[in-house]
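The structure appears below as structure tokens.
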Amino acid sequence: MCQKSKYEADLHCHTSASDGLLTPEGIIEHAVRRGLRAIAITDHDTITGWTKAEETSERLGILLIKGIEINTDWEGKEVHILGFGMDENNKSFKKQLFDLQEKRIFRIKEILEKLKKLGIDISFTDVLQYARGESVGRPHVAQAMVKKGYIASIKMAFDRYLKIGCPAYVPRYKLSPTKAIKIINDSGGIPVLAHPGVQDLESDIRQWVEEGLLGIEITHPDHSLDDKIKYHKIAERKGLIATGGSDYHGPGIKPGIELGDWGVGLDIVDQLEQMIKQNQIEAK
Ligand SMILES: [Zn+2]
Ligand SMILES: [Zn+2]
């Protein structure tokens, strides 16, 4: 028996197309078991999970909203922008995603070169074995290092080699929130600021709203009650959609986090769908 979710819809979760444990099919099946009526999958910088998720959602009768979470940098803070409902056939959107993936791959190859100079010989193919999806990242390098016996744990790999300030650290390609908001808007999607309470972004929101931000994520496991109240007020004041989701990465990844225990009601899903329709007309 699977316990039912607290919310009807979860608008933030990750599949194996990025750093989640469950496949896109698996997460839709899990959402159905949890009794969810709607779900958005929001993998980091990639939409490769959409097709399989869509097939499964149609088969099982659950509403899928196609989403993404774009990692950006803002004055030294990592800011995540969620996007919902982008047109996957939009040429510039496809190109932007391709560029993001290229830059990720390039960064990993640079890390591997640095490791090699330190006597740690890991090939890109080794790393890819751990990145089952498309978004290859440092955790996959760490896994390969552990597997090959260079280090005892993933945490140690980060602490000694991969973290900022460590000998094999390579900075990430820095996309600005402004650019991510534009990419999403230009392809008919709805840009939403993810978990602003985590980075304390209250004072930065006004600028992004002027640049086209249309929503704020309010319900999120890392948000305190104070965060929820604060950002809900901002959303109301600025006429932004208030979204929510569990940021689920799979069973056991973060204890206590279950799909659908953070989320929204179907009224917000309706509102989001209306906004997507409107934005797609304007983007054409
Ligand atoms: Zn995030
Ligand atoms: Zn996330």
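This note's numbering applies: residue 194 is where the sequence shown begins, and numbers increase by one. Beta carbons are placed, not taken as given, at the ideal position from N, Cα and C, and that holds for glycine.
Taking all protein chains shown into account, decide if residue i is buried (16 or more other Cβ within 10 angstroms of its Cβ) or exposed.
i: G276; result: buried
i: I474; result: exposed
i: N282; result: exposed
i: E262; result: buried
i: E410; result: buried
i: G390; result: buried
i: G449; result: exposed
i: P364; result: exposed
i: I461; result: buried
i: I301; result: buried
i: I357; result: exposed
Determine, using beta carbons only, whether residue i and residue j come nearer to each other than 8 Å.
i: I315; j: K288; result: no
i: P360; j: K309; result: no
i: G443; j: L293; result: no
i: L433; j: G408; result: yes
i: H237; j: S209; result: no
i: S346; j: V339; result: yes
i: A233; j: G260; result: yes
i: E482; j: T249; result: No information on residue 482 is available, as it lies outside the stretch 194 to 477 that the chain covers here.
i: C195; j: R226; result: yes
i: G278; j: I469; result: yes
i: I240; j: L290; result: yes
i: Y366; j: L355; result: no
i: T265; j: S369; result: yes
i: L406; j: I374; result: yes
i: D160; j: S439; result: Shown here, the chain extends from 194 to 477; a query on residue 160 therefore has no answer.
Residue i to residue j, Cα distance in whole Å?
i: G456; j: R230; result: 11 Å
i: L204; j: P414; result: 13 Å
i: E303; j: T244; result: 31 Å
i: S285; j: H273; result: 20 Å
i: K197; j: Q471; result: 33 Å
i: K257; j: A335; result: The residue asked about is misnamed: residue 257 is Leu in this sequence, not Lys. Straight-line Cα distance between these residues: approximately 33 Å.
i: F351; j: D419; result: 32 Å
i: K426; j: T412; result: 13 Å
i: R353; j: L465; result: 44 Å
i: Y323; j: R331; result: 10 Å
i: Q392; j: L386; result: 11 Å
i: A337; j: A476; result: 42 Å
i: M349; j: G382; result: 39 Å
i: K423; j: H388; result: 12 Å
i: K447; j: S396; result: 29 Å
i: R297; j: Q467; result: 33 Å
i: K431; j: E403; result: 10 Å
i: G228; j: I398; result: 34 Å
i: F317; j: Y343; result: 16 Å
i: P217; j: L452; result: 13 Å
i: K199; j: Y441; result: 14 Å
i: A435; j: L305; result: 41 Å
i: E251; j: G242; result: 14 Å
- Query: In chain order, which continuous runs of the beta strand (DSSP E) of length 3 or greater are located wholly inside the region 262–326?
  - Reply: As far as the region 262–326 is concerned, its whole beta strand (DSSP E) runs of at least 3 residues are 270–277.
- Item | Beta carbon nearer than 5 Å to a non-hydrogen atom of ligand 2 | Spelled out in chain order, the answer is E262, D440.
- Message: Please give the ranges of any alpha helix (DSSP H) in the region 406–442, keeping only runs that are unbroken, at least 4 residues long and fully inside the region.
- Response: Here the runs fully enclosed are 418–431.
- Task: Return the chain-ordered ranges of every beta strand (DSSP E) run that is complete within the region 353–396 and spans a minimum of 3 residues.
- Result: The DSSP assignment places complete beta strand (DSSP E) segments of no fewer than 3 residues inside the region 353–396 at 383–386, in order along the chain.
- What beta strand (DSSP E) runs, 3 residues minimum, are completely inside the region 208–265? Within the region 208–265, the complete beta strand (DSSP E) runs of at least 3 residues are 231–237.
- Sequence-ordered residues whose beta carbon comes within less than 5 Å of a heavy atom of ligand 1: Counting every residue whose Cβ lies closer than 5 Å to a heavy atom of ligand 1, we get H273, A387.
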